[in-house]
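Student:
Residue numbers (full-length UniProt numbering), protein chains in the order written: chain A, 1 to 347; chain B, 1 to 261; chain C, 1 to 283.
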């Protein structure tokens, strides 16, 4: 009996091996693996500024998604890196750089002179810009009468209704709370987390936390949460779709995503080559901006963005910007503030 | 009907309604023209179905998932049924440890399993291979088979087997003609659990997926941070249609057979 | 069956060897990779018990752990209360209605967890289908989302098939003539049902309980999307620590603690019910 059991198992395994044998061999040519958050956005981004470059240079593009930091770190630690260029949040870029998980970019190979220097770090170049805005439901609040500052956003007496925040420490809720509490924008960092929590306490029972972009848009457009700290591009897309939502740009917090190259990737030179090309590719960036309402990182690209989209980009509202999210601060304090946020939420 | 029977039917009807309620949202949503998950849809279209059949990544990942899930089901049934027979009827050392081991895959959070397996599979070149998925999913699915089959074996009247053997049947014949048919409902239950465990598994699959092989759930979850692709509603609706057709087909076949008999 | 002493040291007999392939499989595919990751709880970021100390440093982790077991317990209870009568009815129904009931159980399986969870959001939210019906009937909106109710509604729906199928499979094996015999001997129907029929379905109920309870412990997508900040389960916390904060040592420690506590609970339960019978050790 036992022998039959083992024989069965072995046969099973053999059959499986045979079935699993179709692993495509990688071609001899140049090849770059691009990793982003996935979905429709990634499809558009790759078509706008990866594929044209790849075609011109005879490179095969491979894609993976979504970005997962555990997977990133595991690849680097195992010294089996298949990811080439990876879209990440800037605080992870800093952490990855400090730990040697990401390649230090060579200024001779990647020309960063054209992009805002606040968005560049040792291992990372910016990919896109977006803003944390005050988004509101236009059925609940009119274009004239809605919170225009974070102080008003926190004023539930004057503007009743639930408030939405992203449930992560880096989701800019602390920055918003401190601005609401009167901290001058240029003195925001290092954040006074105690003070921020005190301010958040005042509206705690009205806060609804969202996890994904889908929830964000559903909450505000259904009117369930008429006021939400949102990503400008999501709100724009929902408005275009005919949903009753709008962005208030005043006091928005500018954020951005970056690209890093995992340490140990087999063709770092090629990855940097693409990156360099991307930063100079004004038309490719504009093409993506037109479809996504994320702002290009190279100012030159703006001239190619359609006027109606351009109005909806953070680059057009820089005078209303409160601050750029300081991800160097967040790289250092993400653990501890996350822990405090966990505690605060559970109370 | 007795009042108890009426109450029973009422409760079951409510439970059934509760089980299928999300379907009444998912199916209409799949016919929406909006790029957002929207219910009820404002405008109707077939664009998400079109997207499924024109975008190769959706088709490829669906086929990959089906293939993997079938293999997982077969392997889990073989390993799980054998183990259940051994555990219920056999004698072996370290029983508590073995029981714990068999339950462990359900207990250890999938994300930990995913990371652990990923690190090892990277070295072995098993990531992005069907074999890699099958091995991991089988480990996750097999406890469900063991538990369902064990419960059937426990309430199994072994005198039936003894009778068959007494009449001269060998152990294999007895197993195939007496034991197997009697535990068949549990095997079927275990098979469904195993299939679904694999087919809907996303957490470990996110680690194992890559450009060369991505499964359907990973494809579905890939953009979720920003926006859900309504194609997921179309996929679910089609899967539902296929399953219900199979069900109806089986029902009709049974009716026809009975008529003939 | 139960009277026989279990002596762990004896060598496996013919049947016992059948356990071997699975044990070998799990040791290679599951346990071996896991060791190095779980060992990180003692070594990352530095050697020692720091990660375990961190668990007790903040009350939130213990709260989350307790909440996880409470939710899993409630889910199990509700699932059994709904699943047992449902399975019983399936044994009584005509083949047609049995097919319909069975189809209803299997339907959730084919709608991916992701779609299903978002469908629940649309159904349960304040402006959702359920509350619109309640509103139309003149009632106040009932909060069904971002609270325990939402978590239970979502999770029980996922787990119900895992209860119905094993219970139904066991019930099919029970000879219903026993009930008629008991009633024929003068037992009241309720007495006959609970004292004669129900005990025979126990293996199925036990299997369902174990499956549902243990599977519920690891949920995180459903509670994350349908629950509120107070309904965090440990699965979500582990994902946060592993993929977000990248404190792998602490994530591993959380997993180890979950494993140990569950193990202890199952052992305690085994003193009350003969648990080994549930997972096939009952000789």
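From the three backbone atoms N, C-alpha and C, an ideal C-beta is built for every residue, glycine too.
For the region 213-225 of chain C, which residues have a CB atom closer than 9 Å to at least one CB atom of chain B, in sequence order?
Tutor: Listed in sequence order: 214, 215, 217, 218, 220 and 221.
Student: Roughly how many whole angstroms lie between the Cα atoms of residue 257 of chain B and residue 40 of chain B?
Tutor: Counted from its first residue, the second chain places residue 257 of chain B at position 257. Counted from its first residue, the second chain places residue 40 of chain B at position 40. Their Cα atoms are separated by approximately 42 Å.
Student: Does chain A have any CB closer than 8 Å to the CB of residue 228 of chain B?
Tutor: What you label residue 228 of chain B is simply residue 228 of the second chain in a count that begins at 1. Chain A, which has a Cβ nearer than 8 Å to the Cβ of residue 228 of chain B, makes this yes.
Student: Please report how far the alpha carbon of residue 241 of chain C lies from the alpha carbon of residue 174 of chain B, in whole angstroms.
Tutor: Counting from one through the third chain, the residue named residue 241 of chain C turns up at place 241. Counting from one through the second chain, the residue named residue 174 of chain B turns up at place 174. Spanning the two alpha carbons is a distance of roughly 52 Å.
Student: Taking any Cβ of chain B, which residues in the region 261-273 of chain C have a Cβ under 7 Å from it, in chain order?
Tutor: Those would be 262 and 263, in chain order.
Student: Where do the N-terminal and C-terminal ends of the beta strand (DSSP E) with residue 133 of chain A fall, by residue?
Tutor: Position 133 of the first chain, counted from the first residue, corresponds to residue 133 of chain A. Here the beta strand (DSSP E) through residue 133 of chain A covers 125-137.
Student: Please name the residue in C:88, C:76, C:112 and C:115 whose C-alpha comes closest to that of residue 102 of chain C.
Tutor: Position 102 of the third chain holds residue 102 of chain C. The shortest C-alpha separation from residue 102 of chain C is found at C:88.
Student: Use the C-beta contact count for residue 54 of chain B: other C-beta atoms within 10 angstroms, 16 or more gives buried, fewer gives exposed.
Tutor: The residue labelled residue 54 of chain B in the question sits at position 54 within the second chain. Exposed: under 16 other Cβ atoms inside 10 Å.
Student: Cβ closer than 7 Å: which chain E residues qualify as neighbours of residue 247 of chain C?
Tutor: The structure shown contains no chain E; its protein chains are A, B and C.
Student: Are the beta-carbon atoms belonging to residue 232 of chain A and residue 131 of chain A less than 8 Å from one another?
Tutor: The residue you call residue 232 of chain A lines up with position 232 of the first chain. The residue you call residue 131 of chain A lines up with position 131 of the first chain. For residue 232 of chain A and residue 131 of chain A, yes; Cβs fall inside 8 Å.
Student: Pick out whichever of C:97, C:129 and C:152 has its Cα sitting closest to the Cα of residue 221 of chain C.
Tutor: Here residue 221 of chain C is taken as the residue at index 221 of the third chain, counted from 1. The shortest Cα separation from residue 221 of chain C among C:97, C:129 and C:152 belongs to C:152.
Student: Counting only Cβ-Cβ distances shorter than 9 Å, please list the residues of the region 35-57 of chain B near chain A, keeping chain order.
Tutor: Per Cβ criterion, the list reads 35, 36, 37, 38, 42, 55 and 57.
Student: First and last residue of the alpha helix (DSSP H) that includes residue 166 of chain A?
Tutor: Start at 1 with the first residue of the first chain, and residue 166 of chain A comes out as number 166. Run containing residue 166 of chain A: none in the alpha helix (DSSP H); it sits in the beta strand (DSSP E), 163-166.
Student: Is residue 83 of chain A helix, strand or coil when you go by DSSP?
Tutor: Position 83 of the first chain, counted from the first residue, corresponds to residue 83 of chain A. Note: residue 83 of chain A maps to coil in three-state DSSP.
Student: Would you please verify whether the beta carbon of residue 187 of chain B is less than 8 Å from any beta carbon of chain A?
Tutor: Position 187 of the second chain, counting from 1, holds the residue named residue 187 of chain B. No, residue 187 of chain B lies away from the interface with chain A (no Cβ there is under 8 Å from its Cβ).
Student: Against residue 225 of chain B, what residues of chain A qualify as contacts under a CB-to-CB distance less than 7 Å, listed in chain order?
Tutor: Taking the second chain and counting its residues from 1, the one referred to as residue 225 of chain B is at position 225. 37, 66, 212 and 213, listed in chain order.
Student: Quick one: Cα of residue 131 of chain C to Cα of residue 76 of chain B, how far?
Tutor: Counted from its first residue, the third chain places residue 131 of chain C at position 131. Counted from its first residue, the second chain places residue 76 of chain B at position 76. Using only the alpha carbons, I get a separation of about 43 Å.
Student: What is the C-beta distance between residue 90 of chain C and residue 168 of chain C, in whole angstroms, given that I count them as a contact (C-beta under 8 Å)?
Tutor: Within the third chain, numbered from 1, the residue matching residue 90 of chain C stands at position 90. Within the third chain, numbered from 1, the residue matching residue 168 of chain C stands at position 168. Right, their Cβ atoms sit about 5 Å apart.
Student: How many Å lie between residue 27 of chain A and residue 33 of chain A at the Cα?
Tutor: As a first step, residue 27 of chain A is located in the first chain; it is residue number 27 there, counting from the start. As a first step, residue 33 of chain A is located in the first chain; it is residue number 33 there, counting from the start. Residue placement at residue 27 of chain A is poorly supported in this model, since its pLDDT is 49, which falls under 50; the coordinates still yield a value, given next. So the two alpha carbons sit approximately 13 Å from each other.
Student: Output the distance between the C-alpha atoms of residue 309 of chain A and residue 104 of chain A, rounded to the nearest integer angstrom.
Tutor: For this step, residue 309 of chain A is matched to residue 309 along the first chain. For this step, residue 104 of chain A is matched to residue 104 along the first chain. Straight-line Cα distance between these residues: approximately 34 Å.
Student: Quick one, are the C-beta atoms of residue 223 of chain A and residue 137 of chain A less than 8 Å apart?
Tutor: Start at 1 with the first residue of the first chain, and residue 223 of chain A comes out as number 223. Start at 1 with the first residue of the first chain, and residue 137 of chain A comes out as number 137. Yes, they are a contact pair.
Student: Have a look at residue 267 of chain C and residue 139 of chain B and give me their C-alpha separation to the nearest angstrom.
Tutor: Translated into positions along the third chain, residue 267 of chain C becomes position 267. Translated into positions along the second chain, residue 139 of chain B becomes position 139. Distance between the alpha carbons of residue 267 of chain C and residue 139 of chain B is about 23 Å.
Student: Please state whether the Cβ-Cβ distance between residue 134 of chain B and residue 71 of chain B is less than 8 Å.
Tutor: Position 134 of the second chain, counted from the start, is the residue given in the question as residue 134 of chain B. Position 71 of the second chain, counted from the start, is the residue given in the question as residue 71 of chain B. Yes, these two residues count as a Cβ contact at 8 Å.
Student: Could you round the C-beta distance between residue 164 of chain A and residue 210 of chain A to whole angstroms and report it? I think they count as a contact, below 8 Å.
Tutor: Within the first chain, residue 164 of chain A is the residue found at index 164, counting from 1. Within the first chain, residue 210 of chain A is the residue found at index 210, counting from 1. Right, the Cβ-Cβ distance comes to about 6 Å (below 8 Å), so this counts as a contact.
Student: Quick check on residue 262 of chain B - is its C-beta less than 8 Å from some C-beta in chain A?
Tutor: Nothing in the structure corresponds to residue 262 of chain B, since chain B is present only between 1 and 261.
Student: Since residue 117 of chain B and residue 136 of chain B are thought to touch, with beta carbons under 8 Å apart, how far apart are those beta carbons, to the nearest angstrom?
Tutor: Your numbering for residue 117 of chain B matches position 117 in the second chain. Your numbering for residue 136 of chain B matches position 136 in the second chain. Residue 117 of chain B to residue 136 of chain B, Cβ: 5 Å. Contact.
Student: Could you check if residue 238 of chain C is buried or exposed, using at least 16 other CB atoms within 10 Å of its CB as the buried criterion?
Tutor: The residue labelled residue 238 of chain C in the question sits at position 238 within the third chain. It counts as buried.
Student: Going by the CB atoms, is the gap between residue 64 of chain A and residue 88 of chain A shorter than 8 Å?
Tutor: Counted from its first residue, the first chain places residue 88 of chain A at position 88. Counted from its first residue, the first chain places residue 64 of chain A at position 64. Their beta carbons are not under 8 Å apart, which means residue 88 of chain A does not touch residue 64 of chain A by this criterion.
Student: How would you list, in chain order, the residues of chain B whose beta-carbon sits under 9 Å from the beta-carbon of residue 99 of chain C?
Tutor: Numbered from its first residue, the third chain carries residue 99 of chain C at position 99. Ordered by position in chain B, the residues that pass the 9 Å Cβ test against residue 99 of chain C are 247, 248, 250, 251 and 254.
Student: Using only alpha-carbon positions, find the residue among A:332, A:257 and A:317 that is nearest to residue 118 of chain A.
Tutor: Walking along the first chain from the start, residue 118 of chain A turns up at place 118. Selected option, being the one with the closest Cα: A:257.
Student: Identify the contact partners of residue 229 of chain C in chain A, using a Cβ-Cβ distance below 7 Å as the criterion.
Tutor: Translated into the one-based positions of the third chain, residue 229 of chain C becomes position 229. In chain order: 209, 345 and 346.
Student: Flag this pair as yes or no: are the beta carbons of residue 23 of chain B and residue 84 of chain B separated by less than 8 Å?
Tutor: On the second chain, residue 23 of chain B is found 23 positions in, with the first residue counted as 1. On the second chain, residue 84 of chain B is found 84 positions in, with the first residue counted as 1. Not closer than 8 Å, so no.
Student: In whole angstroms, what is the alpha-carbon distance linking residue 91 of chain A and residue 280 of chain A?
Tutor: Here residue 91 of chain A refers to the residue found at position 91 of the first chain. Here residue 280 of chain A refers to the residue found at position 280 of the first chain. If you take the alpha carbons of residue 91 of chain A and residue 280 of chain A, they lie about 24 Å apart.
Student: Using the three-state DSSP reduction, which class does residue 112 of chain C fall into: helix, strand or coil?
Tutor: Within the third chain, residue 112 of chain C is the residue found at index 112, counting from 1. Note: residue 112 of chain C maps to coil in three-state DSSP.
Student: Skipping 5 residues on each side, what residues in its chain have a beta carbon closer than 8 Å to that of residue 154 of chain B?
Tutor: In the second chain, counting from the first residue as 1, residue 154 of chain B sits at position 154. Here the set comprises 88.
Student: Can you grab the Cα-Cα spacing for the pair residue 336 of chain A / residue 346 of chain A, in whole Å?
Tutor: What you label residue 336 of chain A is simply residue 336 of the first chain in a count that begins at 1. What you label residue 346 of chain A is simply residue 346 of the first chain in a count that begins at 1. Taking the straight line from one Cα to the other gives about 16 Å.
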